[in-house]
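Okay, structure first, notes after.
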Amino acid sequence: MKIDDGRPALASLIPPSWLERLSDGGVFDEKLVKLDTFLRAERVEHNVYPPQQLTFAALRHTAFSELNVVILGQDPYHGKGQANGLAFSVGSGVKIPPSLRNIYKELHADIGCPIPDSGELESWAEQGVLLLNTSLSVREKAAGSHAKKGWTQITDRMIEVISQREEPCVFILWGSHARKKAEMISSHHVVIQSAHPSPLSAHRGFWGSKPFSKTNEALRRIGRGEIDWALD
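For the sequence shown, the numbering used here assigns the number 2 to the initial residue and increments by one for each residue that follows.
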């Protein structure tokens, strides 16, 4: 489906400053049209998360010109009320998921930040931390259900556009899925990677990886401001 200006309906959810960079002669729009058609049908038959208006929340919270760090996740949370459009984040009052709980534990061990009571990560996003999943929607209780429905091409385009920036930034890649994107990232950026913070894989190299202190060290080295990772 298209909106009045001829662009696909999903495009109306993408901030203009991002959309103008993502556009690539119509190919990006064609992919959005196909994805929009799929999602409309999917929402008729199933619960889909996050809510449609939050699909591109990560881009709305972090302007392209203010981007400092990319944290790359995989899927939105697939439980009711969890996904809010920011990778690994949940809204106020929502029980903190296991992966985010482990992120908080590593944050405390790395730089001493108190472990927060809330799963909201908006303060990171507002400091230029793009909390991006490689798939931006999911069917309820069906992890990975939308991963092969067109999102990979959309979010790969986002990674490509960021990689093409002259100003360097830091990419944090957690888990094998995210680490596969390392080959897309130009060498003038900084890449920090480890195992995923999920309880199933954190013991394979996430614990003790010190992503937060390494990120701030890299930001200092490239002449950008540090992130205040403390959430409480």
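For every residue, glycine included, the Cβ atom is placed at its ideal position computed from N, Cα and C.
On a predicted model such as this, the values are computed, not experimentally measured, just so you know.
Q) Are the segment 166-179 and the segment 119-127 in contact at 8 Å, needing three or more beta carbon pairs? A) No contact exists between the segment 166-179 and the segment 119-127.
(Q) For residue 132 and residue 89, which I take to be in contact (beta-carbon distance under 8 Å), what is that distance rounded to the nearest angstrom? (A) Numbered from 1 along the sequence shown, position 131 holds the residue referred to as residue 132. Numbered from 1 along the sequence shown, position 88 holds the residue referred to as residue 89. Yes, they are in contact, since the Cβ atoms of residue 132 and residue 89 sit about 6 Å apart, within 8 Å.
Q.
Using DSSP's beta-bridge definition, name the partner residues of residue 195.
A. Reading the sequence shown from its first residue, position 194 is the one you call residue 195. In DSSP, residue 195 forms a bridge with 175.
Q | C-beta contact flag for residue 105 and residue 77 at 8 Å | A | To locate residue 105, count along the sequence shown from 1; it is residue 104. To locate residue 77, count along the sequence shown from 1; it is residue 76. At least 8 Å separates the beta-carbon of residue 105 from that of residue 77.
Q: Mind listing, in chain order, the continuous beta strand (DSSP E) runs of no fewer than 3 residues lying wholly within the segment 123-162?
A: 130-134
Q.
Quick check on this structure: which residue in 198, 197, 196, 158 has the alpha carbon closest to the alpha carbon of residue 185?
A. In the sequence shown, counting from the first residue as 1, residue 185 sits at position 184. The shortest CA-to-CA distance from residue 185 to any of 198, 197, 196, 158 is the one to 158.
Q | Option in 21, 29, 20 with minimal Cα separation from residue 153 | A | As a working note, residue 153 is residue 152 in the sequence shown. Nearest of 21, 29, 20 to residue 153, Cα basis: 29.
Q: Counting only the same chain and skipping the five closest in sequence on each side, list residues whose C-beta sits under 7 Å from that of residue 176.
A: The sequence position of residue 176 within the sequence shown is 175, counting from 1. The answer, listed in chain order, is 75, 196, 197, 202.
Q. Quick one: is residue 151 buried, meaning 16 or more other Cβ sit within 10 Å of its Cβ, or exposed?
A. Within the sequence shown, residue 151 is the residue found at index 150, counting from 1. Flag for residue 151 reads buried.
(Q) Between the alpha carbons of residue 173 and residue 46, how many angstroms are there, rounded? (A) Here residue 173 corresponds to residue number 172 of the sequence shown, with the count starting at 1. Here residue 46 corresponds to residue number 45 of the sequence shown, with the count starting at 1. One C-alpha to the other measures close to 35 Å.
Q) DSSP three-state call for residue 19: helix, strand or coil? A) Counting from one through the sequence shown, the residue named residue 19 turns up at place 18. Helix at residue 19.
Q. In or out: residue 69 buried (at least 16 other Cβ within 10 Å) or exposed?
A. Residue mapping note: residue 69 aligns to position 68 of the sequence shown, counting from 1. Buried, since its Cβ has 16 or more Cβ neighbours within 10 Å.
**Q.** Nearest neighbour of residue 137, chosen from 96, 81, 162, 60 [CA to CA]
**A.** Here residue 137 is taken as the residue at index 136 of the sequence shown, counted from 1. Selected option, being the one with the closest Cα: 60.
Q. Quick one: what does DSSP say residue 58 is sitting in, helix, strand or coil?
A. Position 57 of the sequence shown holds residue 58. Residue state, collapsed to three classes: helix.
**Q.** Straight-line gap, residue 34 to residue 96 (C-alpha atoms, nearest Å)
**A.** Stepping through the sequence shown from its first residue, residue 34 is reached at position 33. Stepping through the sequence shown from its first residue, residue 96 is reached at position 95. The C-alpha of residue 34 lies about 34 Å from the C-alpha of residue 96.
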